[in-house]
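Colleague: Have a look at this one.
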Amino acid sequence: MSEDTIRLVTIGRILRRRWRLLAVLTVVGALVGYGISVVFPPRYTASASVLLPGQWEERELLTQVDIATSSSVVDRAAAKLDWSGVNGTDLRDRVAAKAADGNIITISGTAESPHRAQQLTDRVAQQFVAFSARIAGGATDADAAAGPEALRKKVQETNRRITDLAEGADAGGTVESVQARTALENLRNSLEAAMKKLEEADPATDKASMVVMGPAARPTGQSPPTRTQLVVAGALLFLLLAVIGHLTAARMNRRLRTEQEIASALGSTVLGAVDVPGEQRARSTQGGGARAGLRRLLGTDTRWDVPAPQRSGDEAARRTRYRRVCTRIRAQLASARRLLVVVPDGDELALRAAGQLVAEAKGDPVLRVVVVPADRPVVPDRGAESGAVVVLSAGSWTAEELTGIAEACADARHEIVGIVVAGPVRVRPAGSAEQPPDHATPALAVRGHATGGSA
Numbered sequence: 202m203s204e205d206t207i208r209l210v211t212i213g214r215i216l217r218r219r220w221r222l223l224a225v226l227t228v229v230g231a232l233v234g235y236g237i238s239v240v241f242p243p244r245y246t247a248s249a250s251v252l253l254p255g256q257w258e259e260r261e262l263l264t265q266v267d268i269a270t271s272s273s274v275v276d277r278a279a280a281k282l283d284w285s286g287v288n289g290t291d292l293r294d295r296v297a298a299k300a301a302d303g304n305i306i307t308i309s310g311t312a313e314s315p316h317r318a319q320q321l322t323d324r325v326a327q328q329f330v331a332f333s334a335r336i337a338g339g340a341t342d343a344d345a346a347a348g349p350e351a352l353r354k355k356v357q358e359t360n361r362r363i364t365d366l367a368e369g370a371d372a373g374g375t376v377e378s379v380q381a382r383t384a385l386e387n388l389r390n391s392l393e394a395a396m397k398k399l400e401e402a403d404p405a406t407d408k409a410s411m412v413v414m415g416p417a418a419r420p421t422g423q424s425p426p427t428r429t430q431l432v433v434a435g436a437l438l439f440l441l442l443a444v445i446g447h448l449t450a451a452r453m454n455r456r457l458r459t460e461q462e463i464a465s466a467l468g469s470t471v472l473g474a475v476d477v478p479g480e481q482r483a484r485s486t487q488g489g490g491a492r493a494g495l496r497r498l499l500g501t502d503t504r505w506d507v508p509a510p511q512r513s514g515d516e517a518a519r520r521t522r523y524r525r526v527c528t529r530i531r532a533q534l535a536s537a538r539r540l541l542v543v544v545p546d547g548d549e550l551a552l553r554a555a556g557q558l559v560a561e562a563k564g565d566p567v568l569r570v571v572v573v574p575a576d577r578p579v580v581p582d583r584g585a586e587s588g589a590v591v592v593l594s595a596g597s598w599t600a601e602e603l604t605g606i607a608e609a610c611a612d613a614r615h616e617i618v619g620i621v622v623a624g625p626v627r628v629r630p631a632g633s634a635e636q637p638p639d640h641a642t643p644a645l646a647v648r649g650h651a652t653g654g655s656a
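With the working numbering as the guide, the letters of the sequence shown map in order to residues 202 to 656.
This is the structure we're talking about:
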């Protein structure tokens, strides 16, 4: 798995063999999402649109967006709302604005109830329009209220005054009176031309006349993330993390899976592979207790990172494999025919295979099974035995653990004659006429230093 690419079949194997654990973690994630939704109250968001007449460039629209969410506008809106314990600083994070197509600024307000969200949005939109009008006028509030209309009135009043002065001038044909009337008429024309050019050159009067396009609609649903979204997100997140955790653990798994790797770690040759009916269980499930029961309930006592057991042939085919291994063991021995069968502690498949191997050997050679812990292996000292055969299952042990077993055999002066690899298989529904000796056990299976016995 550490060198294989992640394929859909691998994820499918996780879902198929760990569905109980994944279901429990998904429920836990949903509960966590529900708890988060309880801690954080629901929020509602209302929106209002403000139309900006005239021609606006993109950078000018962005400036108006910043003005709409500025402290000057939000503070004025907070003062108008007069909510208890809420000031402009508190509302600043609840107000947002963005520029839309058609010179429209969309203002959004978020609050803990639909009514308050509507109120907040309307007040901010109104204060934004008023504040922009004051900026465009470039004067105080009183001057901004007068605006360009007051300027037109002043121009009209000045024109009337010029007319009065022209009529009051000496009606005689003196040079001075003619020059005075001509100067006043020129002044009138210049004033009207300047006023016309001012209106054409300064579009601020048009841009200042922003319009709120109706009150904000009262929101009918919560703003995301809603409680349902948090529950679903929590469930999916925990499920995804569980799958990623399985893939990461498989990538980091250093257990040896091939016969070549196992032979290299033990420094010997593989005599053959034998079949053991049943699933390959995790090593940590050996023994009882609540922890082992929980692992069985969640399905974590079964290895998921190994291929599904292949369907086995009949019992005769399985026994043939064991007999061939015994034949190879005899070929390895020169004279004495007594061997230790070393099985790592916790390897259920290997222990069953060792028992079957002892039964098929039928005393030639004489095999004695010993179970040694993989973390600190201790093998009985050499006595009548002339070597050792290591029986183990593939994908269960690391190179360091197998090297430790090899060193323990060397310390006890046992040469490793060969290695037998046990693999799980599925038994055919129909049994053979001859009953299999699958449940045969060695005459003596000992752990660590135990004294003799032979099969």
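Even glycine gets a Cβ: it sits at the ideal position worked out from N, Cα and C. Just so we're clear, the structure is a prediction, and the values are computed from it rather than from any experiment.
If we ignore side chains and look at the alpha-carbon of each, how far apart do L262 and N304 end up?
Modeller: If I take the Cα positions, the gap works out to 7 angstroms.
Colleague: Use the C-beta contact count for V228: other C-beta atoms within 10 angstroms, 16 or more gives buried, fewer gives exposed.
Modeller: It is exposed - the Cβ of V228 has fewer than 16 other Cβ atoms within 10 Å.
Colleague: Take the Cβ of T264 as the centre, count every other Cβ of all protein chains shown within 10 Å, and call the residue buried at 16 or more, exposed below.
Modeller: The residue is exposed, with fewer than 16 neighbouring Cβ atoms inside 10 Å.
Colleague: According to DSSP, which residues form a beta bridge with K299?
Modeller: Answer is T307.
Colleague: If R614 and E561 are in contact, beta carbons under 8 angstroms, what's the gap, nearest whole angstrom?
Modeller: Between E561 and R614 the Cβ distance is about 27 angstroms, and since that is not below 8 angstroms, they are no contact.
Colleague: Can you name, in chain order, every residue of its own chain whose Cβ lies under 7 angstroms from the Cβ of R214, other than the five neighbours on each side?
Modeller: Excluding positions up to five away in sequence, the list reads W505.
Colleague: Could you tell me which residues DSSP puts in a beta bridge with L593?
Modeller: Answer by DSSP bridge pairing, in chain order: V622.
Colleague: Would you kindly report the start and end of the unbroken beta strand (DSSP E) that includes T246?
Modeller: Start and end: 245-252.
Colleague: With DSSP as the reference, identify every bridge partner of P545, one or two as the case may be.
Modeller: Note: P545 sits in a beta bridge opposite V573.
Colleague: In this structure, how does DSSP classify A312 when only helix, strand and coil are distinguished?
Modeller: A312 falls in the strand class under three-state DSSP.
Colleague: Under 7 angstroms between C-beta atoms, does T421 make it to chain B?
Modeller: No chain B appears in the structure shown, which is made up of a single protein chain.
Colleague: Taking the alpha helix (DSSP H) that M453 falls in, what are its first and last residues?
Modeller: Its alpha helix (DSSP H) spans residues 428-453.
Colleague: When the distance is taken between beta carbons, is T211 closer than 7 angstroms to S176?
Modeller: Residue 176 is absent from the model: the chain starts at 202 and stops at 656.
Colleague: Beta-carbon within less than 7 angstroms of A231's beta-carbon, same chain only, minus the 5 sequence neighbours each way: which residues are those?
Modeller: Taken in chain order, the residues that qualify are V432, G435, A436.
Colleague: Only counting the same chain, and skipping five residues up and downstream in sequence, which positions put a Cβ closer than 6 angstroms to that of L366?
Modeller: The answer, listed in chain order, is L385.
Colleague: When the Cα atoms are used, what is the spatial distance from L253 to R419?
Modeller: In a straight line, the C-alpha of L253 is about 23 angstroms away from that of R419.
Colleague: Kindly indicate which three-state DSSP category A417 falls into: helix, strand or coil?
Modeller: Residue state, collapsed to three classes: coil.
Colleague: Less than 7 angstroms between the beta carbons of V296 and V325, yes or no?
Modeller: For V296 and V325, yes; Cβs fall inside 7 angstroms.
Colleague: Please classify L552: does DSSP put it in a helix, a strand, or coil?
Modeller: Reduced to three states, the DSSP call for L552 is helix.
Colleague: Label I445 either buried or exposed according to how many other C-beta atoms from any shown protein chain fall within 10 Å of its C-beta, with 16 as the threshold for buried.
Modeller: Answer is exposed; the Cβ neighbour count stays below 16.
Colleague: What is the DSSP secondary structure of G494, counted as helix, strand or coil?
Modeller: The answer is helix: DSSP assigns G494 an H, G or I state.
Colleague: I need the straight-line Cα distance from L552 to G605, nearest angstrom please.
Modeller: Roughly 19 angstroms separates the two Cα atoms.
Colleague: For the 8 angstroms Cβ check, are there 3 or more pairs between the region 440-458 and the region 572-589?
Modeller: Contact fails: fewer than three Cβ-Cβ distances are below 8 angstroms.
Colleague: Does the Cβ of R531 have 16 or more other Cβ atoms within 10 Å, making it buried, or fewer, making it exposed?
Modeller: Burial call: exposed.
Colleague: Report the residue from D565, E601, E602, W598 whose alpha carbon sits nearest the alpha carbon of E586.
Modeller: The shortest Cα separation from E586 among D565, E601, E602, W598 belongs to D565.
Colleague: Return yes when the Cβ of P625 is within less than 7 angstroms of the Cβ of V477, no when it is not.
Modeller: Yes, these two residues count as a Cβ contact at 7 angstroms.
Colleague: Would you kindly report the start and end of the unbroken alpha helix (DSSP H) that includes L232?
Modeller: Note, L232: alpha helix (DSSP H), 220-240.
Colleague: Based on the DSSP secondary-structure assignment, which residues constitute the bridge partners of R539?
Modeller: According to DSSP, which records beta bridges pairwise, R539 is partnered with V567.
Colleague: Once DSSP output is grouped into helix, strand and coil, what is the label at R519?
Modeller: Helix.
Colleague: What residues match up with G473 in a beta bridge as DSSP calls it?
Modeller: In DSSP, G473 forms a bridge with V621.
Colleague: Nearest-angstrom Cα distance between D342 and L442?
Modeller: Its pLDDT being 48, under 50, D342 is placed unreliably by the model, and the measurement read from it follows with that caveat. Distance between the alpha carbons of D342 and L442 is about 60 angstroms.
Colleague: Near W220, which residues of its chain fall below 6 angstroms by C-beta distance, leaving aside the five closest residues on each side in sequence?
Modeller: Excluding residues within five positions, none has a Cβ falling inside 6 angstroms.
Colleague: Using a Cβ-Cβ cut-off of 7 angstroms (strictly less than) and excluding sequence neighbours within five positions of P574, which residues of its own chain qualify?
Modeller: The answer, listed in chain order, is D546.
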